[in-house]
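**Q**
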Ligand code: SF4
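In the numbering used here, the protein residues as written are 100 to 211.
Rendered as structure tokens:
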């Protein structure tokens, strides 16, 4: 039995821009919680990333990372559909993903 592919940020073409942005915001929040992470506590940066994901969803039909370059090859660019294949390692080593969307949970005593 093969393992199911990791779920990605939803790009529902039936949603308007505002609704899509809200759906993405909900999805990433739930995804972070499920993994014991948190979203960027800086609301402004968080909004920029979520808007970037929404824009890519609307433009390409795929939630490409707003902080990574697309190659233009859909097969290869699957790697950078959010959550990308790199985020776990980045959160583990840097405390956050490249785009500063997902953060590791704060340590005890840390503000956050
Ligand atoms: S770097 Fe972060 S925002 Fe970008 S695709 Fe990976 S998980 Fe998503």
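Where is the CB? At the ideal position from N, CA and C, for every residue including glycine.
Is the closest heavy atom of the ligand SF4 to the C-beta of residue 147 under 7 angstroms?
**A** The ligand SF4 never approaches residue 147 closely enough for any of its heavy atoms to be under 7 angstroms from the residue's Cβ.
**Q** Answer yes or no: the CB of residue 98 versus the heavy atoms of the ligand SF4, is any distance below 7 angstroms?
**A** A query on residue 98 cannot be resolved here, the shown segment of the chain reaching from 100 to 211 and no further.
**Q** Quick one: what's got a C-beta closer than 6 angstroms to residue 107's C-beta in the same chain, skipping five residues either side?
**A** Same-chain partners within the cutoff: 162 and 180.
**Q** Any heavy atom of the ligand SF4 within a distance shorter than 7 angstroms of the CB on residue 114?
**A** no
**Q** On the DSSP bridge assignment, give the partners of residue 138 in chain order.
**A** 201
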